[in-house]
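Only one structure is covered here, and it is reproduced in the block below.
Residue numbers (our numbering): 441 to 618.
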């Protein structure tokens, strides 16, 4: 009788354990949520080579841009490598450091993120969503790519540059082509 009770108890425990979600499933769901948020936030637009030129290099997804944004008097700012590469990306950052960076606009070393990084908007992410983005960024393949930037206001550009021009300057450029 004791054997039957022990067997039934063990069987019930194993059945209950088998129906629990595995930690991998929870991680997979969190990574999937992070991927979704990265996609709808347009992260690859500024952080994937070729994306701002109309031909993203998906083999180097989020590996750092080849186009910088010029801000008059401040320089040229290029979307950096945000893959888990430890040398050229954010591979040495913890998940909490990634979340803090998204929310405060500062790297773990205390450096300000580039002025074009939309961290003020990202600072409103829920804790779960911010952690999901961090989990996704840690899950993607590392890309060994050290890209340019920032480029100081008195330095020569070494990448394509996106520049905002007043209408008269743009119109003069177009007229000169004719």
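All C-beta atoms in this analysis are idealised placements derived from N, C-alpha and C, irrespective of residue type, glycine included.
Keep in mind that this is a model prediction, so the values were computed, not measured.
Query	Result
Chain-order list of residues whose beta-carbon lies under 7 Å from that of residue 532 (same chain, five-residue window excluded)	526
Opposing strand residues paired with residue 552 [DSSP bridges]	546
Cut-off 8 Å between Cβ atoms - residues of its own chain near residue 546, not counting five sequence neighbours on either side	540, 552 and 553
DSSP bridge partner residues for residue 429 (one or two, in chain order)	No information on residue 429 is available, as it lies outside the stretch 441 to 618 that the chain covers here.
Buried or exposed (CB count within 10 angstroms, at least 16 for buried), residue 536	exposed
Nearest candidate by alpha-carbon position, reference residue 521, set 495, 510, 474 and 585	585
Whole-angstrom distance between residue 475 and residue 502, CA atom to CA atom	12 Å
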